[in-house]
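Which chain is which? The protein sequence lines are L and F, in order. Residue numbers for the first sequence follow the numbering used here, so the first one is 53 and each next one is one higher. Residue numbers for the second sequence follow the numbering used here, so the first one is 53 and each next one is one higher. Glycine residues also receive a C-beta, built at the ideal position from the N, C-alpha and C atoms. Working notes for the structure below.
Number of protein chains: 2
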Amino acid sequence: MNKRPALRFEVEAQDGEARAGVLTTRRGPIETPVFMPVGTAGTVKGIRFEELESSDLDARIILGNTYHLWLRPGIDVIKSAGGLHRFIGWDRTLLTDSGGFQVWSLGALRKITEEGTEFKSHLDGSPRFLSPAVSMEIQAALGSDIVMVFDECAPGKGSHEQTERSMQLSTRWAQRSKITFDRLQTDGADTGRVPEAGGLSGCQALFGIVQGAGHLDLRRQSLEQTVEIGFDGYAIGGLSVGEEKSLMFEVIDEIAPKMPKDSARYLMGVGTPEDLVESVARGVDMFDCVLPTRNGRTGQAFTSRGKLNIKNAQWAQDNRPLDESCPCSVCRRHTRAYLRHLYMSGEMLASILLTHHNLAFFLDTMRGVRQSIRSGDFPKFRREFTERLSANGE
Amino acid sequence: MNKRPALRFEVEAQDGEARAGVLTTRRGPIETPVFMPVGTAGTVKGIRFEELESSDLDARIILGNTYHLWLRPGIDVIKSAGGLHRFIGWDRTLLTDSGGFQVWSLGALRKITEEGTEFKSHLDGSPRFLSPAVSMEIQAALGSDIVMVFDECAPGKGSHEQTERSMQLSTRWAQRSKITFDRLQTDGADTGRVPEAGGLSGCQALFGIVQGAGHLDLRRQSLEQTVEIGFDGYAIGGLSVGEEKSLMFEVIDEIAPKMPKDSARYLMGVGTPEDLVESVARGVDMFDCVLPTRNGRTGQAFTSRGKLNIKNAQWAQDNRPLDESCPCSVCRRHTRAYLRHLYMSGEMLASILLTHHNLAFFLDTMRGVRQSIRSGDFPKFRREFTERLSANGE
Numbered sequence: 053m054n055k056r057p058a059l060r061f062e063v064e065a066q067d068g069e070a071r072a073g074v075l076t077t078r079r080g081p082i083e084t085p086v087f088m089p090v091g092t093a094g095t096v097k098g099i100r101f102e103e104l105e106s107s108d109l110d111a112r113i114i115l116g117n118t119y120h121l122w123l124r125p126g127i128d129v130i131k132s133a134g135g136l137h138r139f140i141g142w143d144r145t146l147l148t149d150s151g152g153f154q155v156w157s158l159g160a161l162r163k164i165t166e167e168g169t170e171f172k173s174h175l176d177g178s179p180r181f182l183s184p185a186v187s188m189e190i191q192a193a194l195g196s197d198i199v200m201v202f203d204e205c206a207p208g209k210g211s212h213e214q215t216e217r218s219m220q221l222s223t224r225w226a227q228r229s230k231i232t233f234d235r236l237q238t239d240g241a242d243t244g245r246v247p248e249a250g251g252l253s254g255c256q257a258l259f260g261i262v263q264g265a266g267h268l269d270l271r272r273q274s275l276e277q278t279v280e281i282g283f284d285g286y287a288i289g290g291l292s293v294g295e296e297k298s299l300m301f302e303v304i305d306e307i308a309p310k311m312p313k314d315s316a317r318y319l320m321g322v323g324t325p326e327d328l329v330e331s332v333a334r335g336v337d338m339f340d341c342v343l344p345t346r347n348g349r350t351g352q353a354f355t356s357r358g359k360l361n362i363k364n365a366q367w368a369q370d371n372r373p374l375d376e377s378c379p380c381s382v383c384r385r386h387t388r389a390y391l392r393h394l395y396m397s398g399e400m401l402a403s404i405l406l407t408h409h410n411l412a413f414f415l416d417t418m419r420g421v422r423q424s425i426r427s428g429d430f431p432k433f434r435r436e437f438t439e440r441l442s443a444n445g446e
Numbered sequence: 053m054n055k056r057p058a059l060r061f062e063v064e065a066q067d068g069e070a071r072a073g074v075l076t077t078r079r080g081p082i083e084t085p086v087f088m089p090v091g092t093a094g095t096v097k098g099i100r101f102e103e104l105e106s107s108d109l110d111a112r113i114i115l116g117n118t119y120h121l122w123l124r125p126g127i128d129v130i131k132s133a134g135g136l137h138r139f140i141g142w143d144r145t146l147l148t149d150s151g152g153f154q155v156w157s158l159g160a161l162r163k164i165t166e167e168g169t170e171f172k173s174h175l176d177g178s179p180r181f182l183s184p185a186v187s188m189e190i191q192a193a194l195g196s197d198i199v200m201v202f203d204e205c206a207p208g209k210g211s212h213e214q215t216e217r218s219m220q221l222s223t224r225w226a227q228r229s230k231i232t233f234d235r236l237q238t239d240g241a242d243t244g245r246v247p248e249a250g251g252l253s254g255c256q257a258l259f260g261i262v263q264g265a266g267h268l269d270l271r272r273q274s275l276e277q278t279v280e281i282g283f284d285g286y287a288i289g290g291l292s293v294g295e296e297k298s299l300m301f302e303v304i305d306e307i308a309p310k311m312p313k314d315s316a317r318y319l320m321g322v323g324t325p326e327d328l329v330e331s332v333a334r335g336v337d338m339f340d341c342v343l344p345t346r347n348g349r350t351g352q353a354f355t356s357r358g359k360l361n362i363k364n365a366q367w368a369q370d371n372r373p374l375d376e377s378c379p380c381s382v383c384r385r386h387t388r389a390y391l392r393h394l395y396m397s398g399e400m401l402a403s404i405l406l407t408h409h410n411l412a413f414f415l416d417t418m419r420g421v422r423q424s425i426r427s428g429d430f431p432k433f434r435r436e437f438t439e440r441l442s443a444n445g446e
């Protein structure tokens, strides 16, 4: 392959294992460490794109789910709009997952073979087949800026033998993903080309995924094999799927610092604000998680002093903002009493406002982390952040 | 009473019966004709206050429902926040209804006597009592800028005798409302005082309501009695409650032009964009209706070419905006195909975006009406607006 890189990553500052960098895609620069809001079905639930772009949030990259978008509205619809960016109206960077994790979550509804995964759609029960080649083709049609390889997520508590079999399958699927991906890039099947991308190729980037569950030797082997294939960036998959938190950090401790230093490191599906800060301390650059949006819809706010359940009667006449040290538009304007009233009344605005605040908190936290790494104060930031979180958490 | 008026109204231009004016409350000027979004439970459903204030919508006045706010979160909670404006975070004008209409809607759950209405809360079945005095006290505690008298809404198809009895009761309740209102204003029970209101009194304004269902003689009598009592503005109540549309316009035709020329005329609970334009043509200045918000949540968009049901399969790959001549942020950014996908996927963003567009359409329509009255082109505007609405309406 002669193509120029579709993505650049530069580490600007390092404090211990923690890194502050810039990930540049064809859509523009993204400061890291970065939290990526999850836009499952082409929308980050409960929030308008204008808000994601606002200075309050300023999300530079969001996620789309291949599985969900493939089933609904379907690739034809998205192609006819000119790709996912145009379909949803988002000009910034989009990362799409491969569908592997969603298919794996279907449990009994799926059957995994060497070729790929047969499963039944959760929407209408229709039979479907997803494989490395199909996933790459879908993601090319979506025109996302960062594509993930199609992998199998091993169960958190599988035996060494089971996990090894699964991990080796993931490696073979990663190889097959890369072959199809490279062909599609050359053929120009990507609907999301940006000819003006200048120094970048105008094509998509592909990330590999390290698997191996909680078995450190398998994790190391998976990392080696994945780097051997060679990708534009590297992810740690198969964590935060029910394993003990201590095991999760053991894996990150072991793997993150060994990942290529000149590539972005993405911890998939993690986590709480503490998880994010602790993982940055171990060398991770990128995160995605549904917590801020999902918990926002169920009445839980993340604040600098811990979690706050807006349903609690104690907030009924509390005229303070959700988080007294948060500068977001929700905290500037609305009180706990009002938000509780909205939630108890089943008003959509409760979800909208809590989602906004939660995303602001996650994104601000990452900006604070980044700043502290650049100024060499990350250990202090980490200590104070963690202490504050337990101040009056519920 | 020596108090200065809490509200000013001036007609700036007139074209036939249609009037363009300015209604000034202690919160600022409101250009009329004006559409008021309905904020039932302290929120205009599905939309943030920032959006209501944005240039897209620029709503100068919204409604709150006394009945709903009284039952939940309760007046104590709102008082502890310093009134409804502070509780919800809205600095512009608020009009509250009296609770009369909601109580009337409860049907079998209520019992009306000379004193007031006994009913059971729709939330927990607890017994409640609402009367002119209670409604005025609640509205004073809410601190709304415009208070409505407590009335009884007569059934749309009642006999002349029934309707007359109901109308006479409403008149007596209007007198009692005014007595309590005046005392509360003097006593300063209003929590929403704005000392900086300058030329205005810093107190609340009170509107009377003309009843009489579809009986024109009773409507005339009600108007006479209401004007005799004397209010800061006058409303037409009891329309759009199931009667024929032709009867509604008969009543408006008969009553609106006879209402005091130097006071604002408010048609309660009406209506579609056509209804608004046709009522302005008959001399009405103010409107409120749940249509743009409620229909937004059920997938119906109001456009300059008629209604559009976003669920229809014909929009699945339609990459045009909802309304090609609408300048709102939703129409600038999103396609019918995307909005349909969101709606079919049960995504909250569908409701958020359709509500925004619908409100923009209603508010823009009123701005267009106002402009045409000022330039003497209202008949042309009315004709063209009506013709366009049937262009490709569903």
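Quick one: using the 10 Å Cβ neighbour count with 16 as the cut-off for buried, is I350 of chain L buried or exposed?
The sequence as given places Thr at residue 350 of chain L; Ile does not occur at that position. T350 of chain L counts as exposed, since fewer than 16 other C-beta atoms from the protein chains shown sit within 10 angstroms of its C-beta.
Count the other CB atoms, across all protein chains shown, that sit within 10 Å of the CB of L175 of chain L; report buried if there are 16 or more and exposed otherwise.
Exposed: under 16 other Cβ atoms inside 10 Å.
Beta-carbon spacing of D197 of chain L, R271 of chain L below 7 angstroms
Taking 7 angstroms as the cut-off, the Cβ atoms of D197 of chain L and R271 of chain L do not count as close.
DSSP state of I362 of chain L mapped onto helix, strand, coil:
Looking at I362 of chain L - three-state DSSP - the assignment turns out to be coil, as it is neither helix nor strand.
Closer than 8 angstroms by C-beta to A333 of chain F: which residues in its own chain qualify, once you throw out the five before and the five after it? Chain order, please.
Closer than 8 angstroms at the Cβ level, and outside the excluded window around A333 of chain F, lie G68, E69, A70, F430 and R434.
Rounding to the nearest angstrom, what Cα-Cα distance links Q352 of chain F and E330 of chain F in this structure?
Rounded to the nearest angstrom, the two C-alpha atoms are 22 angstroms apart.
Enclosing alpha helix (DSSP H) for D416 of chain F [first to last residue]:
Residues M400 to R426.
Assigned secondary structure, P184 of chain L (DSSP; H/G/I helix, E/B strand, else coil)
If DSSP states are grouped into helix, strand and coil, P184 of chain L belongs with the helices.
Alpha carbon to alpha carbon, how far is T165 of chain F from K172 of chain F? Give it in angstroms, no decimals.
Note on geometry: alpha-carbon atoms of K172 of chain F and T165 of chain F lie some 15 angstroms from one another.
Check whether the Cβ atoms of F389 of chain F and Q256 of chain F sit closer than 7 angstroms, and answer yes or no.
Position check: residue 389 of chain F holds Ala in this sequence, whereas Phe was assumed. Contact: no.
Going along the region 187-212 of chain L in order, which residues come within less than 9 angstroms of chain F, judged by CB to CB distance?
Listed by position, the residues of the region 187-212 of chain L near chain F (Cβ gap below 9 angstroms) amount to none.
Bridge partners - A257 of chain L, DSSP secondary structure assignment:
DSSP, once it has assigned bridges, lists L:I198 as partnering A257 of chain L.
Go to Q66 of chain F, then tell me how far its alpha helix (DSSP H) extends in each direction, as first and last residue.
Following the DSSP letters along the chain, one finds Q66 of chain F in no alpha helix (DSSP H) but inside the beta strand (DSSP E) bounded by residues L59 to D67.
Using beta-carbon positions only, say whether A308 of chain L and G290 of chain L come within less than 7 angstroms of one another.
Against a cut-off of 7 angstroms, the Cβ pair of G290 of chain L and A308 of chain L comes out as no contact.
Residue from F:Q273, F:A287, F:V322 and F:P312 with nearest C-alpha to K297 of chain F
Residue F:V322 is the option with its Cα nearest to K297 of chain F.
Taking the straight line between their C-alpha atoms, what separation do you get for V303 of chain L and L268 of chain L?
Cα-Cα distance, rounded: 6 angstroms.
Quick check on the DSSP output: the beta strand (DSSP E) that includes L75 of chain L runs from which residue to which?
From DSSP, the beta strand (DSSP E) with L75 of chain L extends over A70 to T77.
What is the C-beta distance between A93 of chain L and S397 of chain F, in whole angstroms, given that I count them as a contact (C-beta under 8 angstroms)?
With 8 angstroms as the limit, A93 of chain L and S397 of chain F qualify as a contact, their Cβ atoms being about 5 angstroms apart.
Just by C-beta distance, which residues in the region 256-269 of chain F are closer than 7 angstroms to chain L?
Within the region 256-269 of chain F, no residue qualifies.
Which value, in whole angstroms, describes the spacing of the CA atoms of D128 of chain L and G135 of chain L?
Taking the straight line joining both Cα atoms gives about 10 angstroms.
Go ahead and pull the three-state DSSP assignment for F87 of chain L.
F87 of chain L falls in the strand class under three-state DSSP.
If you compare alpha carbons, which of F:L394, F:K230, F:I425 and F:A368 is closest to M188 of chain F?
Considering only F:L394, F:K230, F:I425 and F:A368, the residue with the shortest C-alpha distance to M188 of chain F is F:K230.
Output, in sequence order along the chain, the residues in the region 140-156 of chain L whose CB is closer than 8 angstroms to any CB in chain F.
Result list: I140 and G141.
Would you please verify whether the beta carbon of Q369 of chain L is less than 7 angstroms from any beta carbon of chain F?
Closer than 7 angstroms to some Cβ of chain F, the Cβ of Q369 of chain L qualifies, so yes.
Backbone CA spacing between T278 of chain L and A226 of chain L [nearest angstrom]:
Looking at the two C-alpha atoms, the distance is approximately 8 angstroms.
Confirm, please, whether the CB-CB distance from D108 of chain F to G412 of chain F is below 7 angstroms.
First, the amino acid is wrong: residue 412 of chain F is Ala here, not Gly. Against a cut-off of 7 angstroms, the Cβ pair of D108 of chain F and A412 of chain F comes out as a contact.
Cut-off 6 angstroms between Cβ atoms - residues of its own chain near L161 of chain F, not counting five sequence neighbours on either side:
F171 and K172.
State the Cα-Cα distance for the pair S150 of chain F and P184 of chain F, rounded to the nearest angstrom.
Answer to the nearest angstrom: the Cα atoms are 8 angstroms apart.
Just the C-alpha distance for V342 of chain L and S356 of chain F, rounded to the nearest angstrom, thanks.
Distance between the alpha carbons of V342 of chain L and S356 of chain F is about 38 angstroms.
Run of the alpha helix (DSSP H) containing T355 of chain L, from where it starts to where it stops:
Secondary structure note for T355 of chain L: it is in no alpha helix (DSSP H), and the uninterrupted beta strand (DSSP E) holding it is Q352 to T355.
Go ahead and pull the three-state DSSP assignment for A333 of chain F.
The answer is coil: DSSP assigns A333 of chain F none of H, G, I, E or B.
Can you tell which of L:S157, L:V63 and L:I190 has its C-alpha closest to the C-alpha of G294 of chain L?
Of the listed residues, the one whose Cα sits closest to G294 of chain L is L:S157.
Could you spell out the range, first to last residue, of the beta strand (DSSP E) harbouring G285 of chain F?
Counting along the chain, G285 of chain F sits inside the beta strand (DSSP E) bounded by residues G285 to I288.
Helix, strand or coil, according to DSSP, for D340 of chain L in the structure here?
Strand.
Given Q366 of chain F as reference, the closest of F:H393, F:R346 and F:F354 once Cα atoms are compared
It is F:H393.
Contacts that A111 of chain F makes with chain L (C-beta to C-beta distance below 8 angstroms)
Correct list: empty, because the minimum Cβ distance to chain L is about 15 angstroms.
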